[in-house]
Amino acid sequence: MRPLKYCLITNTGGVLDNNGEIIPRIRLKKDLPGLIESRAISGGMEKKLREVESTLKKLSKDGLKHSVQIVHPENIILELFTDYGRGTYIEL
Numbered sequence: 002m003r004p005l006k007y008c009l010i011t012n013t014g015g016v017l018d019n020n021g022e023i024i025p026r027i028r029l030k031k032d033l034p035g036l037i038e039s040r041a042i043s044g045g046m047e048k049k050l051r052e053v054e055s056t057l058k059k060l061s062k063d064g065l066k067h068s069v070q071i072v073h074p075e076n077i078i079l080e081l082f083t084d085y086g087r088g089t090y091i092e093l
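To convert a position in the sequence shown, counted from 1, into the working numbering, add 1.
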């Protein structure tokens, strides 16, 4: 199976910035180094994002655009069945 989109379900509902607000979109190549440097992400979330990056790199070899959405359990239906979901949208 080669899904175009993965959903990670977390209690935070997404990746949080230094103010505790959900970051709506992360482009890993562009944004991840700065997020780590500013300590906006660390520990478990940094590990998750590194795993997401690895997964997306492997999947991108098929030429399709894949993404990961980090979302709260209460918002999974909105994520799956609407054009604009909730949480953090992550792409390479």
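Cβ atoms here follow ideal geometry from the backbone N, Cα and C, with glycine treated the same way.
Computed from a prediction, not measured in an experiment: that's the story for all the values here.
query	result
Local Cβ density within 10 Å of Thr-89, reported as buried at 16 or more and exposed below that	buried
Euclidean distance between Cα positions of Gly-86 and Ser-68	13 Å
CB contact flag (Ile-27, Gly-15, <7 Å)	no
Neighbour-count burial assignment, Leu-50, 16 or more Cβ in a 10 Å radius	buried
Spatially closest choice to Arg-40 from Asn-19, Ser-55, Phe-82, Leu-81, by CA coordinates	Asn-19
Between the CA atoms of Pro-74 and Thr-11 - distance to the nearest angstrom	7 Å
Backbone secondary structure at Lys-48 - three-state DSSP	helix
Ile-42 versus Leu-36: straight-line alpha-carbon distance, rounded	6 Å
Residue range of the unbroken alpha helix (DSSP H) whose run includes Ile-77	77-82
Residues of its chain near Glu-54, where Cβ-Cβ distance is below 8 Å and the 5 sequence neighbours each way are ignored	Leu-29, Leu-33, Leu-93
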